[in-house]
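Below: the structure, in structure tokens.
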Amino acid sequence: MPDAHDTLFRTLADPTRRAIFERLCRQGEQTVGALTAQSGVSQPAVSKHLGVLKQAGLVLDRHAGRQTHYSAQPGALAPLTDWTVQMTGFWESRFDHLEDLLKRMDQ
């Protein structure tokens, strides 16, 4: 079973998918047609990207008649936020150690 981090990184690595997700975060719920009109790619391609985003838990869909509306789920980014915080702490510690070493070398 893939790690949540891997799934999210892989999903958001694609620039078109990332742009669709960002658009949904900024502009709110949209139909496939509206997303297609703004994306510069075909409707089948947008639908495929939305399917990948949905599998990763980054979007939810809502059916209304013949249209499907998609909305972003920014809370699904929590594992990436947690990972970023951990990595920030790791690198800050490493840079502090490097700074101490350089100071000792200058003495």
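By the count of my numbering, the sequence shown reaches residue 123 at its end, each step adding exactly one. Glycine is no exception: its CB is placed at the ideal position from the N, C-alpha and C atoms.
Beta-carbon separation of residue i and residue j under 8 Å?
{"i": "A29", "j": "P95", "result": "no"}
{"i": "V75", "j": "Q59", "result": "no"}
{"i": "A72", "j": "S55", "result": "no"}
{"i": "Y86", "j": "E45", "result": "yes"}
{"i": "T84", "j": "T47", "result": "yes"}
{"i": "V68", "j": "L51", "result": "no"}
Looking only at DSSP bridge pairs, what is residue i linked to?
{"i": "H79", "result": "T84"}
{"i": "A46", "result": "According to the sequence shown, residue 46 is Gln rather than Ala. For Q46, which the question treats as bridged, DSSP gives the partners Y86."}
Taking buried to mean at least 16 other C-beta atoms within 10 Å of its own C-beta, is residue i buried or exposed?
{"i": "A92", "result": "buried"}
{"i": "A53", "result": "exposed"}
{"i": "R33", "result": "buried"}
{"i": "V101", "result": "exposed"}
{"i": "K119", "result": "exposed"}
{"i": "L40", "result": "buried"}
{"i": "L66", "result": "buried"}
{"i": "M17", "result": "Because the pLDDT of M17 is 41, which lies under 50, any placement of that residue in the model is unreliable, and the number read from its coordinates should be weighed accordingly. It is exposed - the Cβ of M17 has fewer than 16 other Cβ atoms within 10 Å."}
Quick one, which of the options has its alpha-carbon nearest residue i's?
{"i": "T27", "options": "W107, K64, R110", "result": "K64"}
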